[in-house]
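Colleague: Would you mind keeping the following structure in view while I ask a few things?
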Amino acid sequence: MDKQLDLLQGTLDMLILKAISLSPLHGYGILLRIQQMSKERLEIQQGSLYPALYRLEHHGWIASEWGESENKRRARFYRLTAAGKRRLQSESKRWNQMTTVIAGILQATPEEL
Amino acid sequence: MNLWARFRSWTAAILRRTRMEREMDEEMLFHIEAHAANLVSRGVPQQEALRQARLEFGGMETTKEECRDAIGVSFLETLIQDVRHGVRTLLRTPVFTVITVVVLALGIGGNTAIFSVVDAVLLRPLAYRDSGRLVTILMNGEDPVSVANYIDWRDQSHSFVALGAADYWSPNLTGVDSPEHVVGLKVTQGLLPMLGIEPVLGRLFVVGEDKDGADREVILSYRLWQRRFSGDRNVLGKPIVLDGNAYVVVGVMPQGFQFAPFWATRAELWVPNAFGPRIHNRGGNSLRVFGRLKEGVSLTQARAEMSGITAGLEQQYPGTNRYVVVTPLKEKVVGQIETPLLVLLGAVGFVLLITCANVAHMLLARAAARQKEVAVRAALGARRGRIIRQFLTESLLLGGLGGAAGLGLAALATRALIAISPANIPRVQTVTIDLRAALFLFSATILTSVGFGLAPALQASSINVNDSLKEGGRSNSEGISRRRLRGLLVISEFALALMLLIGAGLMIRTFAALQAVDAGFNPHNVISMVVSVAGSKEADPSRRAIFYHQLIERVRSLPGVQAAGAINHLPLAGDLWGWPFVIEGRPKPRPGESPGAVYRMVAPGYFEAMRLPLIRGRYVSEADNVTAPGVVIINERAAKEYWPGEDPIGKRISFDDDKASPPTWLTIIGVAKDAKQDDWAATPSPEVYLAAFQNHDFLGDSGSDLASHVSYMTLVARTAGDPATVAPSMKEATWSFDRNLAISEVVTMDGVVAEANAQPRFEMRLLTIFAAVALILSTVGIYGVISYSASRRTHEIGVRMSLGATRGDVLLLVVRQAMWLALAGSVAGIVGALLLSRLMTKLLYGVQPTDPATFVAVATLLGLVAMLACYIPAWRAMRIDPVAALRCE
Chain A
4 MDKQLDLLQG TLDMLILKAI SLSPLHGYGI LLRIQQMSKE RLEIQQGSLY PALYRLEHHG
64 WIASEWGESE NKRRARFYRL TAAGKRRLQS ESKRWNQMTT VIAGILQATP EEL
Chain B
147 MNLWARFRSW TAAILRRTRM EREMDEEMLF HIEAHAANLV SRGVPQQEAL RQARLEFGGM
207 ETTKEECRDA IGVSFLETLI QDVRHGVRTL LRTPVFTVIT VVVLALGIGG NTAIFSVVDA
267 VLLRPLAYRD SGRLVTILMN GEDPVSVANY IDWRDQSHSF VALGAADYWS PNLTGVDSPE
327 HVVGLKVTQG LLPMLGIEPV LGRLFVVGED KDGADREVIL SYRLWQRRFS GDRNVLGKPI
387 VLDGNAYVVV GVMPQGFQFA PFWATRAELW VPNAFGPRIH NRGGNSLRVF GRLKEGVSLT
447 QARAEMSGIT AGLEQQYPGT NRYVVVTPLK EKVVGQIETP LLVLLGAVGF VLLITCANVA
507 HMLLARAAAR QKEVAVRAAL GARRGRIIRQ FLTESLLLGG LGGAAGLGLA ALATRALIAI
567 SPANIPRVQT VTIDLRAALF LFSATILTSV GFGLAPALQA SSINVNDSLK EGGRSNSEGI
627 SRRRLRGLLV ISEFALALML LIGAGLMIRT FAALQAVDAG FNPHNVISMV VSVAGSKEAD
687 PSRRAIFYHQ LIERVRSLPG VQAAGAINHL PLAGDLWGWP FVIEGRPKPR PGESPGAVYR
747 MVAPGYFEAM RLPLIRGRYV SEADNVTAPG VVIINERAAK EYWPGEDPIG KRISFDDDKA
807 SPPTWLTIIG VAKDAKQDDW AATPSPEVYL AAFQNHDFLG DSGSDLASHV SYMTLVARTA
867 GDPATVAPSM KEATWSFDRN LAISEVVTMD GVVAEANAQP RFEMRLLTIF AAVALILSTV
927 GIYGVISYSA SRRTHEIGVR MSLGATRGDV LLLVVRQAMW LALAGSVAGI VGALLLSRLM
987 TKLLYGVQPT DPATFVAVAT LLGLVAMLAC YIPAWRAMRI DPVAALRCE
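Residue numbers (the working numbering), protein chains in the order written: chain A, 4 to 116; chain B, 147 to 1035.
Here is the structure:
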């Protein structure tokens, strides 16, 4: 599995929430963090990150403020809100249930049916 | 939380739009630079790194648009764009905008004003606790009840939490400043608690207080408390003097409290009602009975129970319990005014519809003129929905402006409505433009805006881009569908206006018929005032007749007074008593079937002062005193009904029930012309006038049931000039006898007659105003349509003329179009009016709802107006120069 994977529809929001649940990050930082966590196996269209960020902020799951980046530049940092924390939990739970079910289906053998 | 976040990002997006855009740029540039730096650190050359970073990021503009979309900014952006565009468009045509806004303000404001009246008067529950369960129980649904009946109903019924009853009582309040004749009620103990309204001060009556001897307590209205006692909280426990007796103040009711709501509405004090010996009285009807239905008992059940009880009582005491009706209190209060108000609401609704139609075709004309603009937008990629949205935004802007102006108008109109409303509209004083009215106005505005804006928007958006944009594209005669729509609008405007005009016409005829009614007496130049002796030294039985006699003499001698007399209850203004009597020499009638008559007591001079002519016989004179044989005068109706084909003069009647034997016979000495009684539009019932100064009840003999009801007389004086100018000297003449005499109800007879016709006058005025507005609007409408379509047909007319059409032909062409519209509108309107005018039957007098004269007159009027409206465009069309017309395009 060396090839990079395309992101599944709708999972970007969850990954962003997860990425900044560890510490506040700016947009590019989120991108790097997701790639790092995925061990460089996920391909994210860089521009698509921002509409997702704006949407999440609009829902009140993340909040942003301007701060200074590691190389002393002005950058917007995103952090998780309390509502976002709850959202991440419920999303992860849903995701885990889903993968279990789908994995179960895919592993089914003729004898089991 | 989420909502708040959304709201915040929206406001940020709107208020700090430039800042948001700048930050968006900054954030994305930072991303690209950071990525480039990252690439450089991995060994990519500087230039190449930046290029690659940009490439990997993707289209920045698209991303930004997606970001805006993500928080819904684009919806708002579009809205703001549309509003801006709308405002600009409206400002570009200020005359159109102002006219439209004024028209809309009239429609919306008028509707809101009438709605606020309907809401306050009809829709709101009465101001008592759980008032939906309150009922009245009255004979024939309106007449009072005897004490014995009330007691039997109370004791036998189970449908009610409580029953209570009230007597009208208007005592003299003395001992504080000047004496005053106030309106009050004698109520049974349970009546006020039944209403569920707590006093602001003190308490309500407690059990036992309506027993004899314990009934000298009084509860004041807030108004009386403020007016006579300056809101003094120490008034509790203090005695006040009513009709010469001391009553202790035990409570004060809250501001705005009103009881009873449909009769004695001006009651300002309440005292306990001790029935005394009246508990056995089944003949004298004076009580109004109220009840509160038990939880779970329906009106139908209560009615069934009451009809069972009264059937039993009727068997036991024949003639005493027929036609007993249980009516919900609210129905009793608003029943009379419901139909007129709903008719007015409907009428003003029609005005709004006309307004809509009018604005709609003005917008249609505009939309046609803006075809090119729309075509350009469509060609540049605007979708149809987008164009409709923009047109609707414009309509909403217009509607909003109209609504805002309408709000101001409604506030003024409501005040005017209250001022001209007849006194018998209950609760009209509580009418205000409140939140409910504002909500009504808001929804009316939205509905109206969509109503007049949708058709033009749909029309405007459905254009053929190619045709419209073609260079030199001719503005041909209008397309069929558009012309049809405009025609339909004018036809409906016309039809609606016609219906309103017919309504107004019927009311004008009604009012004229009412004005032509003969009152029997001559109401011009007559002044009257109620003079009450209660609580003064003149109340003494030995003094009363002498006092009133002297008072009338003194008034007669006043300068400007031509004649004077007195009566207990003035026709149309005063109370109305009915009494059964027996006729000498006739077999005793079956119970409940005795002849009855309206019963008034007069002092000599009354008939002369009122110019109420005698048909036969003589007037009551000074000689008819307490020692002389009793005399009465009857009206024509009584003569016809009870002595048909006979001469009633010299016949004798008696008002005693079987108590007195031998009965007190009263000889008929005269027959007077029928005079109006309490209802201007009704035919008078049989009536009997007794001579007050020989009547034992009136003279205040003890033991009389009526003692407290006859302590006043209404002085009546005919004057040479303006009657109102005599009032002060009449008052002075009265007080020269005794400062403790209470004077009230100082009114001219003309005023009384006007008041009796106040409701039809109110209805006529409003309907006429609505109809006039409708007429103007539909005139403008038909003018607009005809002149617009004539101008669109300039080319066509030019062609016709160059092919030999004469000016007469052109005139006909234009007029014919207008006349078709007017005719179609009139037909539709007449059909509508035939269907709807029946609803007005209750408002009409002396005219049928389908009165042909009114219909013809109104249709003719509208036809003429339509002619007039199309005259200018037709004239203009006639003068078209064919050469110029063909060349100009």
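Backbone N, C-alpha and C fix where the C-beta goes; we use that ideal spot for every residue, glycine too.
Could you give the DSSP three-state label for tyrosine 469 (chain B): helix, strand or coil?
Modeller: Here tyrosine 469 (chain B) sits in coil by DSSP.
Colleague: Grouping DSSP H, G and I as helix and E and B as strand, with all else coil, what is glutamine 994 (chain B)?
Modeller: In this structure, glutamine 994 (chain B) counts as coil in the three-state DSSP scheme.
Colleague: Can you list, in chain order, the residues of its chain with a C-beta nearer than 8 Å to that of arginine 762 (chain B)? Leave out the 5 residues immediately preceding and following it.
Modeller: Within the same chain, arginine 762 (chain B) has close Cβ partners Asp793, Ile795, Gly816, Val817.
Colleague: Helix, strand or coil for aspartate 313 (chain B)? Go by DSSP, reduced to three states.
Modeller: Strand at aspartate 313 (chain B).
Colleague: If contact means a Cβ-Cβ distance below 9 Å, which residues of the stretch 162 to 174 of chain B contact chain A?
Modeller: Against chain A - using a Cβ distance shorter than 9 Å - the residues of the stretch 162 to 174 of chain B are Glu169, Met170, Glu172, Glu173, Met174.
Colleague: Grouping DSSP H, G and I as helix and E and B as strand, with all else coil, what is isoleucine 105 (chain A)?
Modeller: Isoleucine 105 (chain A) falls in the helix class under three-state DSSP.
Colleague: Apart from the five residues on each side of it in sequence, which residues of its chain come closer than 8 Å, Cβ to Cβ, to proline 400 (chain B)?
Modeller: For proline 400 (chain B), where only same-chain residues beyond five positions count, the Cβ hits under 8 Å are Ile343, Glu344, Pro345, Val346, Tyr368.
Colleague: Roughly how many angstroms separate the alpha carbons of serine 623 (chain B) and leucine 604 (chain B), rounded to a whole number?
Modeller: Residue placement at serine 623 (chain B) is poorly supported in this model, since its pLDDT is 47, which falls under 50; the coordinates still yield a value, given next. So the alpha carbons of these two residues sit roughly 19 Å apart.
Colleague: Provide the residue span of the alpha helix (DSSP H) that contains lysine 21 (chain A), from first to last.
Modeller: Segment 15 to 25, the alpha helix (DSSP H) holding lysine 21 (chain A).
Colleague: Given a threshold of 16 other Cβ atoms within 10 Å of its Cβ, counted over all protein chains shown, does valine 472 (chain B) qualify as buried or as exposed?
Modeller: Buried, by the Cβ-count rule.
Colleague: Here's the rule: buried if 16 or more other CB atoms are within 10 angstroms of the residue's CB, otherwise exposed. What is lysine 988 (chain B)?
Modeller: Exposed is the call here.
Colleague: Hey, does glycine 177 (chain B) have any beta-carbon neighbour from chain A nearer than 8 Å?
Modeller: It is worth fixing the name first, because residue 177 (chain B) is histidine in this sequence and not glycine. So, interface residue.
Colleague: Let me check understanding here. Comparing Cα to Cα, which of B:Arg154, B:Gly706, B:Val1011, B:Leu268 lies closest to alanine 863 (chain B)?
Modeller: It is B:Gly706 whose Cα lies nearest to the Cα of alanine 863 (chain B).
Colleague: How is the alpha helix (DSSP H) around isoleucine 799 (chain B) delimited, first residue to last?
Modeller: No alpha helix (DSSP H) contains isoleucine 799 (chain B), which is instead part of the beta strand (DSSP E) from 798 to 800.
Colleague: Decide if glycine 241 (chain B) is buried, meaning its Cβ has at least 16 other Cβ atoms within 10 Å, or exposed.
Modeller: Checking the sequence, you will find valine at residue 241 (chain B) rather than glycine. The residue is exposed, with fewer than 16 neighbouring Cβ atoms inside 10 Å.
Colleague: List, in chain order, every chain A residue whose beta-carbon is nearer than 7 Å to that of alanine 216 (chain B).
Modeller: Per Cβ cutoff of 7 Å: Pro54, Tyr57, Arg58, His61.
Colleague: Indicate, with yes or no, if the ligand ZN has a heavy atom lying under 7 Å from the CB of valine 241 (chain B).
Modeller: In the structure on display, the ligand ZN does not appear, and there are no ligands present to speak of.
Colleague: Once you ignore the five residues that flank alanine 837 (chain B) on each side, which residues in its own chain have a CB closer than 6 Å to its CB?
Modeller: The answer, listed in chain order, is Val766, Asp770, Val777.
Colleague: So, does the CB of alanine 3 (chain A) fall closer than 8 Å to a CB anywhere in chain B?
Modeller: Given a span of 4 to 116 for chain A in the structure shown, any question on residue 3 (chain A) remains unanswerable.
Colleague: Keeping to the same chain, check which residues put their C-beta closer than 6 Å to that of serine 621 (chain B); ignore five residues upstream and five downstream.
Modeller: Here the model assigns serine 621 (chain B) a pLDDT of 48, short of 50, so the residue's position is not dependable and the matter cannot be decided.
Colleague: Report yes if the C-beta distance between arginine 89 (chain A) and phenylalanine 176 (chain B) is below 8 Å; otherwise report no.
Modeller: No, Cβ-Cβ distance for arginine 89 (chain A) and phenylalanine 176 (chain B) is not below 8 Å.
Colleague: Assign phenylalanine 844 (chain B) to one of three DSSP states: helix, strand, or coil.
Modeller: Of the three classes helix, strand and coil, the one that applies to phenylalanine 844 (chain B) here is coil, per DSSP.
Colleague: From arginine 275 (chain B) to valine 328 (chain B), what distance separates their C-alpha atoms?
Modeller: Their backbone Cα atoms lie some 27 Å apart in a straight line.
Colleague: So, does the CB of threonine 235 (chain B) fall closer than 8 Å to a CB anywhere in chain A?
Modeller: No, threonine 235 (chain B) does not count as interfacial toward chain A.
Colleague: Which same chain residues, not among the five before or five after alanine 557 (chain B), have their C-beta less than 7 Å away from its C-beta?
Modeller: Ile579.
Colleague: Look up tryptophan 299 (chain B) in the DSSP assignment and give the residues it is bridged to.
Modeller: DSSP, once it has assigned bridges, lists no residue as partnering tryptophan 299 (chain B).
Colleague: Closer than 8 Å, CB to CB, is arginine 152 (chain B) near chain A or not?
Modeller: Taking Cβ atoms only, chain A reaches closer than 8 Å to arginine 152 (chain B), which makes this a yes.
Colleague: How far does the alpha helix (DSSP H) with threonine 578 (chain B) in it reach, from first residue to last?
Modeller: From DSSP, threonine 578 (chain B) is part of no alpha helix (DSSP H); its letter is neither H nor E.
Colleague: Quick check on this structure: which residue in B:Lys518, B:Val677, B:Ala866, B:Ser882 has the alpha carbon closest to the alpha carbon of histidine 715 (chain B)?
Modeller: Comparing Cα positions, the closest option is B:Val677.
Colleague: Which bits of chain B does glycine 30 (chain A) rub up against, with CB to CB less than 7 Å?
Modeller: Simply Glu173, His177.
Colleague: Within 10 angstroms of the Cβ of tryptophan 299 (chain B), are there 16 or more other Cβ atoms? Answer buried if so, exposed if not.
Modeller: Counting Cβ neighbours within 10 Å, tryptophan 299 (chain B) comes out buried, since at least 16 surround it.
Colleague: Against chain B, with Cβ distances strictly below 8 Å, would glycine 70 (chain A) count as a contact?
Modeller: Cβ-Cβ to chain B under 8 Å: no for glycine 70 (chain A).
Colleague: Using a Cβ-Cβ cut-off of 8 Å (strictly less than) and excluding sequence neighbours within five positions of serine 51 (chain A), which residues of its own chain qualify?
Modeller: Same-chain partners within the cutoff: Leu15.
Colleague: How is the beta strand (DSSP E) around valine 346 (chain B) delimited, first residue to last?
Modeller: Here valine 346 (chain B) belongs to no beta strand (DSSP E), and DSSP marks it neither H nor E.
Colleague: If we ignore side chains and look at the alpha-carbon of each, how far apart do arginine 746 (chain B) and threonine 485 (chain B) end up?
Modeller: Answer to the nearest angstrom: the Cα atoms are 33 Å apart.
Colleague: Can you tell me whether glutamate 114 (chain A) is buried or exposed, with buried defined as 16 or more other CB within 10 angstroms of its CB?
Modeller: Exposed is the call here.
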